[in-house]
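Chemist: Residue numbers (my numbering), protein chains in the order written: chain P, 479 to 618; chain D, 12 to 404. From the three backbone atoms N, C-alpha and C, an ideal C-beta is built for every residue, glycine too. As the structure is a computational prediction, the values presented were derived from the model and not from experiment.
1. Chain D beta carbons: is any one of them nearer than 9 Å to that of residue 487(P)?
2. At least one CB of chain D closer than 9 Å to the CB of residue 549(P): is that the case?
3. Does the distance from the CB of residue 521(P) to the CB of residue 498(P) come in under 9 Å?
4. Can you give the Cα-Cα distance for residue 332(D) and residue 159(D), rounded to whole angstroms?
5. Would residue 480(P) be called buried (16 or more neighbouring beta carbons within 10 Å of its own) or exposed?
6. In the structure shown, what three-state DSSP assignment does residue 58(D) receive?
7. Identify the continuous alpha helix (DSSP H) that holds residue 293(D) and give its terminal residues.
8. From the DSSP output, read off the bridge partner residues of residue 121(D).
9. What is the DSSP secondary structure of residue 552(P), counted as helix, strand or coil?
10. Going along chain P, which residues have a C-beta under 8 Å from residue 275(D)?
11. At the 9 Å Cβ level, is residue 506(P) part of the contact set with chain C, yes or no?
12. What does the alpha-carbon distance come out to for the pair residue 140(D) and residue 120(D)?
13. So, does the segment 12-24 of chain D touch the segment 277-297 of chain D, judging by three or more C-beta pairs under 8 Å?
14. Taking all protein chains shown into account, do 16 or more other C-beta atoms lie within 10 angstroms of the C-beta of residue 27(D), making it buried, or fewer, making it exposed?
15. How many angstroms separate the CA atom of residue 353(D) from the CA atom of residue 309(D)?
16. What is the C-beta distance between residue 544(P) and residue 596(P), in whole angstroms, given that I count them as a contact (C-beta under 8 Å)?
17. So residue 100(D) is in the alpha helix (DSSP H); what residue range does that whole segment cover?
18. Just to check my reading of the structure: residue 577(P) and residue 153(D) have Cβ atoms closer than 8 Å, yes? What is that Cβ distance to the nearest angstrom?
19. Please check if any C-beta of chain P sits within less than 9 Å of the C-beta of residue 210(D).
20. Could you say which of 270(D), 392(D), 346(D) lies nearest to residue 384(D) if we only look at CA atoms?
21. Mind checking whether residue 128(D) and residue 327(D) have CB atoms under 9 Å apart?
22. Taking one C-beta from the segment 81-99 of chain D and one from the segment 371-382 of chain D each time, how about it: are there three or more such pairs within less than 8 Å?
23. Taking 9 Å as the threshold (beta carbon to beta carbon), is residue 140(D) in contact with chain P?
24. From residue 322(D) to residue 304(D), what distance separates their C-alpha atoms?
25. Name the residue from 280(D), 258(D), 269(D) whose alpha carbon lies nearest to the alpha carbon of residue 399(D).
26. In the DSSP assignment, find the unbroken alpha helix (DSSP H) run with residue 229(D) in it and report its ends.
27. Taking residue 174(D) as the query, report the chain P residues whose CB atoms sit under 8 Å from its CB, ordered along the chain.
28. May I have the straight-line CA-CA distance separating residue 312(D) from residue 178(D), to the nearest angstrom?
29. Could you work out which residue in 514(P), 563(P), 587(P), 541(P) is closest to residue 505(P) when comparing CA atoms only?
30. I'd like to confirm the pairing. Which residues does DSSP put opposite residue 26(D) in its beta bridges?
31. List the residues of chain P that residue 58(D) touches, going by C-beta distances under 8 Å, in chain order.
32. So which residues of chain P does residue 149(D) contact, with C-beta pairs closer than 7 Å?
33. Touching or not, the segment 98-105 of chain D and the segment 40-57 of chain D, by the rule of three or more beta carbon pairs under 8 Å?
34. Please name the residues in the segment 153-166 of chain D whose beta-carbon is closer than 8 Å to at least one beta-carbon of chain P, in chain order.
35. Which chain P residues sit within Cβ distance under 8 Å of residue 272(D)?
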């Protein structure tokens, strides 16, 4: 069975520091903070650049392409009524040490593998756009 | 690393616990008071001599409430350690520093909760009220995707570890089999006389792949306390001192609470490597000087990673280390001889410290012959701590 996500999503607490991340999907683009001085992307949002310590982080869109670094298949009914769903770490192709936690969708659990190429899509709930990822092509 | 001045000058002189159950039928404060009372009786020290108390910031029982309940008088030292089960060995470190500094002569460390019949930690963050501070904000990056509970947080790291090291879920199962073998001969253990086989482990249901039910520790109601005092005082008491040879805390680079998903290496336990450097570096002891180990086992994968972080084997070699029963009684390095948190009780690591004391005293139900030193660790995946306890020579 192709995975989707939990039956109920607990929406994030949107604040001034993370609003760009959770609402940026309105135009279909995934965004991360990027340092205007040293050009590093940073995630999760930080008060200042942890690489060069400059106060120069601002949101910037990325390609939305990523690689799977780890994944789990979640069977326990922490959220009742959920079919087994996949939680994954993915790293963005622009900078491998920028990772985010997400659900992989449109994939069979048995076809999962570390290193799989995935691409972002957004699921809107209220004013939040949740970044989910699906394989870029059918697994071989 | 420089020697820590408390090393060898402070000892655990008393241990005491309630029964370990799934429904204690009494308050957490009562469990804490019973455990502290039992530890003081074990030490042969009157409540009025207690000058200090240390617990976890996760504990609901304030030191002053226990002091009032037990007839403890004035306190000179009170401290609470953060980061859940990572606090376990650090309570003893705080006590040891206070005793060695002359701030308090007798310090009690304790942890008590109704973790099965009351607030179940295994449920994770889903029913906690959202509070807008830095400590809670990061859960917003996990909860929307159904990543809510400790087993799930650990499974993410475990899958990566299996991928990188070549270990399999059978290697995880060998940890559970060892714990349950030890619990089977420990009358205090919840799983007394209930050993499991590797086949039982592999047949248990998935919780969150790659973790099965038998990779996850139980939930427990109970309390455990320890009494820490100077080595001189301890030598005059009823039981042989369990000498604090080393105690250390550790937080790694890029550390998070259970979800260190952004640091350089996506495998291993850098915080436990910090603890290991503190323990070995301050004591001059090494893995080869340990005759047993009590390794925090809320989930089996972290036991394998701890064997590596502590230097009992090289990176990725834990699967080979555990292959031939080395971590079972009679093996090269018996681990969790009381049954661990999978088999005896989940007391946030405090019951493991008590087991190390029994091993040093020579009174453990699964006693290891020729004990000189036992290493003990606290919660993994969080800022954590460790101890080396030794015999008095």
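Modeler: Working from what's here:
1. Here residue 487(P) corresponds to residue number 9 of the first chain, with the count starting at 1. Cβ-Cβ to chain D under 9 Å: yes for residue 487(P).
2. Taking the first chain and counting its residues from 1, one reaches residue 549(P) at position 71. For residue 549(P), the answer is yes, since a Cβ of chain D falls inside 9 Å of its Cβ.
3. In the first chain, counting from the first residue as 1, residue 521(P) sits at position 43. In the first chain, counting from the first residue as 1, residue 498(P) sits at position 20. No, these two residues do not count as a Cβ contact at 9 Å.
4. Within the second chain, numbered from 1, the residue matching residue 332(D) stands at position 321. Within the second chain, numbered from 1, the residue matching residue 159(D) stands at position 148. So the alpha carbons of these two residues sit roughly 32 Å apart.
5. Numbered from 1 along the first chain, position 2 holds the residue referred to as residue 480(P). Answer is exposed; the Cβ neighbour count stays below 16.
6. Within the second chain, the letter at position 47 stands for residue 58(D). Of the three classes helix, strand and coil, the one that applies to residue 58(D) here is helix, per DSSP.
7. Walking along the second chain from the start, residue 293(D) turns up at place 282. From DSSP, the alpha helix (DSSP H) with residue 293(D) extends over 281-294.
8. In the second chain, residue 121(D) corresponds to position 110, counting from 1. In DSSP, residue 121(D) forms a bridge with 236(D).
9. Taking the first chain and counting its residues from 1, the one referred to as residue 552(P) is at position 74. Residue 552(P) falls in the strand class under three-state DSSP.
10. Start at 1 with the first residue of the second chain, and residue 275(D) comes out as number 264. Those are 575, listed as they occur along chain P.
11. Among the protein chains in the structure shown, which are P and D, there is no chain C.
12. Position 129 of the second chain holds residue 140(D). Position 109 of the second chain holds residue 120(D). Below a pLDDT of 50, predicted positions are generally treated as unreliable, and residue 140(D), at 48, falls in that range; no measurement from the model is reported.
13. yes
14. For the purposes of this step, residue 27(D) is identified with residue 16 of the second chain, where counting begins at 1. Buried: at least 16 other Cβ atoms inside 10 Å.
15. Numbered from its first residue, the second chain carries residue 353(D) at position 342. Numbered from its first residue, the second chain carries residue 309(D) at position 298. Using only the alpha carbons, I get a separation of about 7 Å.
16. Translated into the one-based positions of the first chain, residue 544(P) becomes position 66. Translated into the one-based positions of the first chain, residue 596(P) becomes position 118. Correct: roughly 5 Å between the Cβ atoms.
17. Mapped onto the second chain, residue 100(D) falls at position 89. From DSSP, the alpha helix (DSSP H) with residue 100(D) extends over 99-111.
18. The residue you call residue 577(P) lines up with position 99 of the first chain. The residue you call residue 153(D) lines up with position 142 of the second chain. Not quite, the Cβ-Cβ distance comes to about 12 Å (not below 8 Å), so this is no contact.
19. Translated into the one-based positions of the second chain, residue 210(D) becomes position 199. No, its Cβ sits nowhere closer than 9 Å to a Cβ of chain P.
20. Against the second chain, residue 384(D) aligns to sequence position 373. Measuring from the Cα of residue 384(D), the nearest candidate turns out to be 346(D).
21. Taking the first residue of the second chain as position 1, residue 128(D) is located at position 117. Taking the first residue of the second chain as position 1, residue 327(D) is located at position 316. No, these two residues do not count as a Cβ contact at 9 Å.
22. no
23. Taking the second chain and counting its residues from 1, one reaches residue 140(D) at position 129. With a pLDDT of only 48 at residue 140(D), under 50, the local geometry of the prediction cannot be trusted, and the value read off the model is given with reservation. No, residue 140(D) does not count as interfacial toward chain P.
24. Against the second chain, residue 322(D) aligns to sequence position 311. Against the second chain, residue 304(D) aligns to sequence position 293. Answer to the nearest angstrom: the Cα atoms are 12 Å apart.
25. Counted from its first residue, the second chain places residue 399(D) at position 388. It is 258(D).
26. Your numbering for residue 229(D) matches position 218 in the second chain. Per DSSP, residue 229(D) belongs to no alpha helix (DSSP H) and is neither H nor E.
27. Looking up residue 174(D) in the second chain gives position 163. Those are 548, 592, listed as they occur along chain P.
28. Walking along the second chain from the start, residue 312(D) turns up at place 301. Walking along the second chain from the start, residue 178(D) turns up at place 167. Approximately 10 Å between the Cα atoms of the pair.
29. To locate residue 505(P), count along the first chain from 1; it is residue 27. Checking every option, the nearest Cα to that of residue 505(P) belongs to 541(P).
30. Reading the second chain from its first residue, position 15 is the one you call residue 26(D). Per DSSP, 237(D).
31. As a working note, residue 58(D) is residue 47 in the second chain. Result: empty, since nearest Cβ-Cβ is about 43 Å, beyond 8 Å.
32. Position 138 of the second chain, counted from the start, is the residue given in the question as residue 149(D). In chain order: 522.
33. no
34. 153, 154, 155, 156, 157, 158, 159, 160, 162, 163, 166
35. By 1-based counting over the second chain, the position of residue 272(D) is 261. Chain P residues near residue 272(D): 567, 577, 579.
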